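Numbering (our numbering), first residue to last: 7 to 493.
Even glycine gets a Cβ: it sits at the ideal position worked out from N, Cα and C.
Note that the structure is a prediction, hence the values are computed from the model and not measured.
Here's the structure we're looking at; comments come further down.
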């Protein structure tokens, strides 16, 4: 097994990529479809694959509300890759849990695999022990949130956890082995992507879920009551997506405590991400200058207020640890001069979303003529409708503004907006897979402010025709973004 290659430059020239979470692959895992997708990207001249966060999710399936900021989602583990490795010989195994149990029993008899496993456990020790405990206890306690656990377990008491390590040793080992397999499959996929000239672009939410191993094991770093419940929660004020704002419900950080500890919690978090990705989008970058603080007893985000955050000192520490930071700042929404200054001080590209470009006048910063090379342009994001559906739902006057700005194109949507993204001076152009496939209504991945029906979308290979692939090969070459597949 080849170890992860070091991070490669991504924003070194004009590039284009596709936004597709692995759960939206036809098989929804890291198996053969993931490699086939890399082949499609490389064949079409795309050099970047952007994913959403990879963590294990709650029942709502949201990758932005994970059970751990470090762990990989076991649901992404591919049984076909276990078989390809010779770790799983039975075709009758159909579930990941059963496959891991079988593989664990068979492969750890191999000295080389045992050594590889031990190396992984040592490398991830700082978070993996707590995550395994959290996962096993959560399962044993019928998925109750950790603040409803018996007090000794809720409060992470060493003596209580020592008993768990003995009584539930087999279950803990299963969780650890699952993370080893996920890590191995992801590193293997990353090597395959690099061999085909494709860089991996990740996504790191600024906040973590309240019901997560991160908060349970690090309560002193969050603004919580003695009961474990938050005193204030995160969100954003009223905006494009919601007249009431968004009450995300994540607990807010105790930044004084985090800074007093040398920002080590954030250093560890970024280290995990940079082992997996070449480039990383920092979700809600605005929250590193000030975050929207909502009293926990408020039902909406309307009555929150901005609370300052020591973002400059945090990024100084991260730069001290990692050098140049391969980060993209998600600077959408209410952005102040102070937020722009923070992003620019650390040389981080910002984002431009074309679906936001046609509200207002010629001074709209998302319009292509306002783009800058140090930015990443999107037709839409995982939170937007497909471009075709977005355009069809616009009022006629706004539709006219769009087609007028784009020069009255003869091609149907989404091609004109895709061309605008590819023609932009922005260094990187990203296209959601739904737009690549020219899909309309019914193919949206997520609708912010809602909890039902999200994160379930998958594409089908038959939708990706040879004619479509040819169109992108020509378009990426025309706009100077085509890769060679051999970088």
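Relative to the C-alpha of residue 183, which candidate in 380, 361 and 124 has its C-alpha closest? Of the listed residues, the one whose Cα sits closest to residue 183 is 124.
- Backbone secondary structure at residue 439 - three-state DSSP: Note: residue 439 maps to helix in three-state DSSP.
List the endpoints of the continuous alpha helix (DSSP H) containing residue 164. Run containing residue 164: 164-173, per the alpha helix (DSSP H) assignment.
Which term fits residue 217, buried or exposed, when burial requires 16 or more other beta carbons within 10 angstroms of its beta carbon? By the 10 Å Cβ count, residue 217 comes out buried.
### Query
Near residue 82, which residues of its chain fall below 6 angstroms by C-beta distance, leaving aside the five closest residues on each side in sequence?
The beta carbon of residue 82 lies closer than 6 angstroms to those of 28, 35 and 36 in the same chain, with the five residues before and after it left out.
### Message
Just verifying my parser: in three-state terms, what is the DSSP assignment at residue 231?
### Response
Assignment of residue 231 by DSSP, reduced to helix, strand and coil, places it in the coil class.
Practice prompt. Mark residue 329 as exposed unless 16 or more other C-beta atoms lie within 10 angstroms of its C-beta, in which case mark it buried.
Written response: Under this definition residue 329 is an exposed residue.
Have a look at the DSSP bridge pairing and note the partners of residue 21. According to DSSP, residue 21 bridges with 434.
According to DSSP, is residue 451 part of a helix, a strand, or is it coil? Collapsing the DSSP output to three states places residue 451 in coil.
* Looking at the structure shown, is residue 120 part of a helix, part of a strand, or coil, going by DSSP? -> Secondary structure at residue 120: helix, using DSSP grouped into helix, strand and coil.
In three-state terms, what does DSSP make of residue 299? Taken through DSSP and simplified to helix, strand or coil, residue 299 comes out as strand.
Self-check item: Boundaries (first-last residue) of the alpha helix (DSSP H) holding residue 311
Solution: Here residue 311 belongs to no alpha helix (DSSP H); instead the beta strand (DSSP E) covers 311-314.
Can you list, in chain order, the residues of its chain whose CB lies under 7 angstroms from that of residue 327, leaving out five sequence neighbours each side? Non-local beta-carbon contacts of residue 327 in its own chain, meaning distances under 7 angstroms to residues more than five positions away in sequence, involve 273 in chain order.
inquiry  = Would residue 239 and residue 257 qualify as a contact pair, given that the criterion is a beta-carbon distance under 8 angstroms?
reply    = Yes, they are a contact pair.
**Message:** Please report the straight-line C-alpha distance between residue 17 and residue 432, rounded to a whole angstrom.
**Reply:** Separation of residue 17 and residue 432 (C-alpha to C-alpha, rounded to the nearest whole angstrom) is 10 angstroms.
*Hey, could you find the ends of the beta strand (DSSP E) residue 337 is sitting in?*
Neither: residue 337 is in no beta strand (DSSP E) and is coded neither H nor E.
Fill in: Where residue 159 falls: helix, strand or coil (DSSP)
Look at residue 159 here: in three-state DSSP terms it is helix.
Exercise for the section: Determine the burial state of residue 448: buried for a count of at least 16 other Cβ atoms within 10 Å of its Cβ, exposed for fewer. Expected result: With a threshold of 16 other beta carbon atoms within 10 Å, residue 448 falls short and is exposed.
* Asked: On the three-state DSSP scale, how would you describe residue 181?
  -> DSSP places residue 181 in helix when its eight states are reduced to three.
Below 6 angstroms CB to CB, which residues in the same chain sit around residue 370 once its five sequence neighbours on both sides are set aside?
So the qualifying residues of the chain are 363.
*Of the residues 237, 321 and 266, which one's Cα is nearest the Cα of residue 304?*
Checking every option, the nearest Cα to that of residue 304 belongs to 237.
message: Measuring straight from C-alpha to C-alpha, what distance separates residue 185 and residue 300?
response: So the alpha carbons of these two residues sit roughly 35 angstroms apart.
What is the rounded straight-line gap between the Cα of residue 469 and the Cα of residue 33?
When the Cα atoms are used, residue 469 and residue 33 turn out to be separated by approximately 15 angstroms.
| task | Would you check if the distance between the CB atom of residue 61 and the CB atom of residue 462 is smaller than 8 angstroms? | result | With contacts defined by Cβ atoms closer than 8 angstroms, residue 61 and residue 462 do not form a contacting pair.
Residues that residue 358 bridges to, as DSSP identifies them: In DSSP, residue 358 forms a bridge with 383.
>> Closer than 7 angstroms to a non-hydrogen atom of the ligand MG - does that hold for the CB of residue 259?
In response: As presented, the structure is devoid of all ligands, the ligand MG included, so that no description of it is given.
Reference residue 417; option with closest CA among 57, 394 and 134: Considering only alpha carbons, the answer is 394.
In this structure, how does DSSP classify residue 460 when only helix, strand and coil are distinguished?
Residue state for residue 460 is assigned as coil, using DSSP reduced to three classes.
Report task. Mind checking who residue 55 pairs with in its DSSP beta bridge? Result -> According to DSSP, residue 55 shares a beta bridge with 24 and 206.
Point to revise | Rounded Cβ spacing between residue 500 and residue 59 (contact assumed at less than 8 angstroms) | key: A question about residue 500 goes unanswered here, because the residues of the chain that appear run from 7 up to 493.
Outcome for residue 361 when other beta-carbon atoms lying within 10 angstroms are tallied against a minimum of 16: Buried.
Next on the checklist: Just verifying my parser: in three-state terms, what is the DSSP assignment at residue 16?
Outcome noted: Three-state result, residue 16: coil.
Q. So what's residue 405 in DSSP terms, helix, strand or just coil?
A. Three-state result, residue 405: helix.
Go ahead and label residue 113 buried or exposed: buried means 16 or more other beta carbons lie within 10 angstroms of its beta carbon, across all protein chains shown.
-> Burial state of residue 113 is buried, judged by a 10 Å Cβ sphere holding 16 or more other Cβ atoms.
Would you be able to state if there are at least three C-beta pairs under 8 angstroms between the region 41-50 and the region 404-413?
Result no; under three Cβ-Cβ pairs closer than 8 angstroms.
| query | Looking at C-alpha atoms only, which residue of 75, 76 and 106 is the closest neighbour of residue 6? | reply | In the structure displayed, the chain extends from 7 to 493; residue 6 sits before or after that span and is not available.
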